[in-house]
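Here's the structure we're looking at; comments come further down.
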């Protein structure tokens, strides 16, 4: 089985490669990267025609190279999967779906923590879709860390990470917030800085990577 992975930032690739390592030998992985998609996101909200066209081009290039399943790793662009998947001959997945599905079906409240505002609408779409499938109304909040986003725009990754770690440690993990979901793969890099009791309440989409690449639907 060959999996085609579509990225909008090189920052995601090392984390995806780490998550895929246990599957090597059973699966092969092809990566396609177009960082112009990030420029498109900064200029416009949502999936533009230009972004859709470029994602479709990468998807078909991966198919030509032998991919039997496709995964879009950019949360902000995940609505493109709904648009493009019906016209592709292989399954095309949003990397966030299994993580959000598990949170919704747990019937516990959760927070989606983000440092990029372009993830807000895509996250809402997935939560509502998974809630509808499960027949439940999810108890959840979307929390954007504005100062972390500002630091990211200044190119200050250290300040971004500091804000993110502080937010995780300061989060109320009582009945009002069962657990935390990270909205972006790149946020995973702070996990080593978070002590275990809190880390155990945090989920990232890469925790569910084996599930998504082996999904049969």
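In the numbering used here, the protein residues as written are 1 to 217.
The beta carbon of each residue, even a glycine, is placed where N, CA and C say it ideally should be.
Residues near residue 31 by beta carbon distance below 7 Å, same chain, minus five either side: Locating residue 31 in the chain shown gives position 31, where the first residue counts as 1. Within the same chain, Cβ atoms closer than 7 Å to the Cβ of residue 31 are found at 5, 7 and 13, the five residues on either side in sequence being excluded.
Under three-state DSSP, which class holds residue 194? Along the chain shown, read from residue 1 onward, the residue named residue 194 stands at position 194. Looking at residue 194 - three-state DSSP - the assignment turns out to be coil, as it is neither helix nor strand.
Which whole-angstrom value describes the C-beta separation of residue 145 and residue 115, a residue pair presumed to lie in contact below a C-beta threshold of 8 Å? Stepping through the chain shown from its first residue, residue 145 is reached at position 145. Stepping through the chain shown from its first residue, residue 115 is reached at position 115. Yes, residue 145 and residue 115 are in contact; Cβ-Cβ is about 5 Å, under 8 Å.
In three-state DSSP terms, what is residue 129? In the chain shown, counting from the first residue as 1, residue 129 sits at position 129. Residue 129: helix per DSSP, three-state reduction.
Out of 96, 49 and 64, state which residue places its alpha-carbon closest to the alpha-carbon of residue 78. Start at 1 with the first residue of the chain shown, and residue 78 comes out as number 78. Answer by Cα proximity: 96.
So the candidates are 211, 171 and 210; which of them puts its Cα closest to the Cα of residue 194? Within the chain shown, the letter at position 194 stands for residue 194. Nearest option by C-alpha distance: 171.
Can you tell which of 88, 42 and 73 has its C-alpha closest to the C-alpha of residue 64? Position 64 of the chain shown, counted from the first residue, corresponds to residue 64. Closest by alpha carbon: 88.
Suppose only complete runs of 3+ residues qualify. What are the beta strand (DSSP E) ranges in the segment 11–71, listed by chain order? List check, beta strand (DSSP E) in window: 28–33.
Below 6 Å CB to CB, which residues in the same chain sit around residue 101 once its five sequence neighbours on both sides are set aside? Reading the chain shown from its first residue, position 101 is the one you call residue 101. For residue 101, where only same-chain residues beyond five positions count, the Cβ hits under 6 Å are 130.
Along the beta strand (DSSP E) that carries residue 170, what are the first and last residues, could you check? Taking the first residue of the chain shown as position 1, residue 170 is located at position 170. Unbroken run through residue 170 is the alpha helix (DSSP H), 157–170; no beta strand (DSSP E).
Hey, how far is the Cα of residue 46 from the Cα of residue 126? Position 46 of the chain shown holds residue 46. Position 126 of the chain shown holds residue 126. The straight-line gap from Cα to Cα measures roughly 14 Å.
Paired residues, beta bridge with residue 203 - DSSP: The residue labelled residue 203 in the question sits at position 203 within the chain shown. Its beta-bridge partners are 181.
Given this structure, state the Cα-to-Cα distance separating residue 49 from residue 62, to the nearest angstrom. By one-based count along the chain shown, residue 49 stands at place 49. By one-based count along the chain shown, residue 62 stands at place 62. Cα to Cα, residue 49 sits roughly 20 Å from residue 62.
Determine contact between the segment 145–154 and the segment 199–215, defined as no fewer than three beta-carbon pairs at a distance below 8 Å. Judged by Cβ distances under 8 Å, the segment 145–154 makes no contact with the segment 199–215, as fewer than three pairs qualify.
Do residue 179 and residue 201 have their C-beta atoms within less than 8 Å of each other? Position 179 of the chain shown, counted from the first residue, corresponds to residue 179. Position 201 of the chain shown, counted from the first residue, corresponds to residue 201. The beta carbons of residue 179 and residue 201 sit closer together than 8 Å.
Nonlocal neighbours in the same chain, by C-beta distance under 6 Å from residue 2, ignoring five residues either side: Mapped onto the chain shown, residue 2 falls at position 2. Contacts found: 28, 66, 67 and 68.
Residue from 110, 117 and 159 whose Cα sits closest to the Cα of residue 138: The sequence position of residue 138 within the chain shown is 138, counting from 1. Taking only the C-alpha atoms, the option nearest residue 138 is 110.
State buried or exposed for residue 107, treating a residue as buried only when at least 16 other CB atoms are found within 10 Å of its CB. Within the chain shown, residue 107 is the residue found at index 107, counting from 1. Classification of residue 107: exposed, given that the 10 Å Cβ count is below 16.
DSSP three-state call for residue 134: helix, strand or coil? For the purposes of this step, residue 134 is identified with residue 134 of the chain shown, where counting begins at 1. Helix, per DSSP.
Relative to the C-alpha of residue 81, which candidate in 54, 168, 204 and 21 has its C-alpha closest? Here residue 81 is taken as the residue at index 81 of the chain shown, counted from 1. Ranking the options by Cα distance to residue 81, first place goes to 54.
DSSP on residue 141, reduced to helix/strand/coil? Along the chain shown, one-based indexing puts residue 141 at 141. Correct three-state label for residue 141: strand.
DSSP beta-bridge partners for residue 111? Here residue 111 refers to the residue found at position 111 of the chain shown. Bridge partners of residue 111: 141 and 180.
Which class does residue 119 belong to by DSSP, given the choice of helix, strand or coil? Locating residue 119 in the chain shown gives position 119, where the first residue counts as 1. The answer is helix: DSSP assigns residue 119 an H, G or I state.
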